[in-house]
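Read the structure below first, then the notes.
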Amino acid sequence: INTMMVAILPVGAILFIGAGLLGAGTLRDLSLALFVGILIGTAATIFVAAPMYAWLRQNEPELVKQAKRVQQRRAGAAERAVPAAQAKA
Numbered sequence: 220i221n222t223m224m225v226a227i228l229p230v231g232a233i234l235f236i237g238a239g240l241l242g243a244g245t246l247r248d249l250s251l252a253l254f255v256g257i258l259i260g261t262a263a264t265i266f267v268a269a270p271m272y273a274w275l276r277q278n279e280p281e282l283v284k285q286a287k288r289v290q291q292r293r294a295g296a297a298e299r300a301v302p303a304a305q306a307k308a
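Take a look at the structure:
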């Protein structure tokens, strides 16, 4: 997101200030194309690339080991919680 903001600010300045005040049609066309491209690229990175990266990494050995450890700890915590809940009843 920070990189997108650094890229979009100068392009936005060219689009809104340069093309608007100077009336340069070529600047407007170029900066509009850059502006739209940066926005679409950022959205694609956030909503497509990040989930795809997570999906591709889910079968890595280290992440599988970590998931198993988490499941074991959850099962142990659930077993300890059941007797405590029965004792209160």
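Per the numbering used here, residue 220 is the first one in the sequence shown, and the count goes up by one each step. Quick reminder that beta carbons are idealized off the backbone N, C-alpha and C, glycines included.
Query - Element boundaries [alpha helix (DSSP H), containing residue 254] - result: Within the sequence shown, numbered from 1, the residue matching residue 254 stands at position 35. According to the DSSP assignment, residue 254 belongs to the alpha helix (DSSP H) that extends over 244-263.
Query - the segment 242-261 contacting the segment 275-285, beta-carbon criterion three pairs below 8 Å - result: Judged by Cβ distances under 8 Å, the segment 242-261 makes no contact with the segment 275-285, as fewer than three pairs qualify.
Requested in this report: Give the DSSP-derived three-state secondary structure of residue 290 in the structure shown.
Outcome: The residue given as residue 290 occupies position 71 in the sequence shown. Note: residue 290 maps to helix in three-state DSSP.
Query raised in the report: The alpha helix (DSSP H) with residue 225 in it runs from where to where?
Result: Working through the sequence shown from its first residue, we reach residue 225 at position 6. Taken as a continuous stretch (DSSP letters only), the alpha helix (DSSP H) holding residue 225 covers 221-232.
Query raised in the report: Cβ of residue 251 within 7 Å of Cβ of residue 234?
Result: For the purposes of this step, residue 251 is taken as residue 32 along the sequence shown, with counting starting at 1. For the purposes of this step, residue 234 is taken as residue 15 along the sequence shown, with counting starting at 1. In contact: residue 251 and residue 234 (Cβ atoms closer than 7 Å).
Query raised in the report: Got a sec, what are the start and stop residues for the alpha helix (DSSP H) residue 273 sits in?
Result: Numbered from its first residue, the sequence shown carries residue 273 at position 54. Where residue 273 is concerned, the enclosing alpha helix (DSSP H) stretches over 269-276.
**Report entry** Nearest-angstrom Cα separation, counted from residue 231 out to residue 256
**Finding:** Residue numbering aside, residue 256 sits at position 37 when the sequence shown is read from its first letter. Residue numbering aside, residue 231 sits at position 12 when the sequence shown is read from its first letter. Cα to Cα, residue 256 sits roughly 12 Å from residue 231.
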